[in-house]
Amino acid sequence: MTSRSTDTMLTTARVVALAMALGAVLLWVVAWFIVGREGSGMARTAFLGPRAALELYGLAAAGGLLGALALRGRAVRAGREARRSGEEGPWAAAARVQGGLLVAWALLEGPGVLAGVFYLLFGYRRIVLLAVPVLAIGFVLTFPRREWFEGR
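Numbering (our numbering), first residue to last: 122 to 273.
As C-alpha cells, this is what we get:
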C-alpha cells in the first residue's frame with residue numbers, strides 16, 4: 122500500500138476513534154452541569170439503586186471492553202491475511218481493519234454513554250468515575266496503529 126493511502130485510512134480511523142470517545146465524554150460533562158453540586162439526578166424516583174446501576178454498568182463495561190479487544194485482534198488478523206494473500210487490493214486490507222475497529226469502538230462507547238445516562242438520571246458519580254479509566258484503557262488499546270494498516 123502506498124504511504125499516501127495508508128495515511129488517509131489511518132487518519133480517518135483516528136479521527137473516528139477520537140470522535141466516538143469524545144461523544145461519551147461530552148455526555149458526562151453535560152450531565153455534570155445538569156446534575157450540579159447537589160448530586161441528585163433527573164429521575165423523580167430511583168427505580169434503580171446505586172448498587173444495581175453499578176452492577177449493570179460493570180456488566181456492560183466488561184462485555185464492551187472484552188468484545189472490543191477481541192474485535193481488534195480479529196480485525197488486525199483479517200487485515201494481515203488479506204494483505205498477504207494479495208487477492209484483494211491494498212485498500213481492502215485496510216478497510217477490513219478499519220471496519221473491525223469501528224465496531225470495537227462502538228462496543229466501548231456504549232458503556233460510556235450508559236454511565237453518563239445513569240449519572241444524569243440518578244446522580245451516581247461513581248459510575249462515571251469507573252467509566253473514565255474503562256473508556257481510556259479501551260481506546261488506548263484499540264487506537265489505530267500504522268502497522269495494522271500496513272499489514273505488519
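Note that beta-carbon positions come from the ideal geometry of N, C-alpha and C, so glycine has one too. Note that the coordinates shown come from a computational prediction; the quantities given were computed from them, not determined experimentally.
Check your understanding: Are the beta-carbon atoms belonging to residue 149 and residue 238 less than 8 Å from one another?
Key -> Cβ atoms of residue 149 and residue 238: not closer than 8 Å.
Review point. Under three-state DSSP, which class holds residue 130?
Key: Look at residue 130 here: in three-state DSSP terms it is helix.
Review point. Would DSSP call residue 260 helix, strand or coil?
Key: Annotated three-state conformation of residue 260 is helix, per DSSP.
Review point. From residue 143 to residue 153, what distance separates their C-alpha atoms?
Key: Roughly 15 Å between the two C-alpha positions.
Review point. Counting only runs that start and end within the region 165-204, where is the beta strand (DSSP E) found for 3 or more residues in a row?
Key: Restricted to the region 165-204, not a single beta strand (DSSP E) segment is unbroken, complete and at least 3 residues in length.
Exercise for review: Along the alpha helix (DSSP H) that carries residue 267, what are the first and last residues, could you check?
Suggested key: That run of the alpha helix (DSSP H) goes 267-271.
Review point. Helix or strand or just coil, what does DSSP make of residue 245?
Key: Here residue 245 sits in coil by DSSP.
Check your understanding: Are at least three pairs of beta-carbons, each pair with one atom in the region 189-206 and one in the region 219-227, less than 8 Å apart?
Key -> Three or more Cβ pairs drawn from the region 189-206 and the region 219-227 lie within less than 8 Å of each other, which places the two stretches in contact.
Practice item. From the DSSP output, in three-state form, read off residue 206 for me. Key: Three-state DSSP puts residue 206 in a helix.
Review point. Can we say the region 249-261 touches the region 126-133, given the rule of at least three CB pairs closer than 8 Å?
Key: The region 249-261, when compared against the region 126-133, does not touch it at the 8 Å Cβ threshold.
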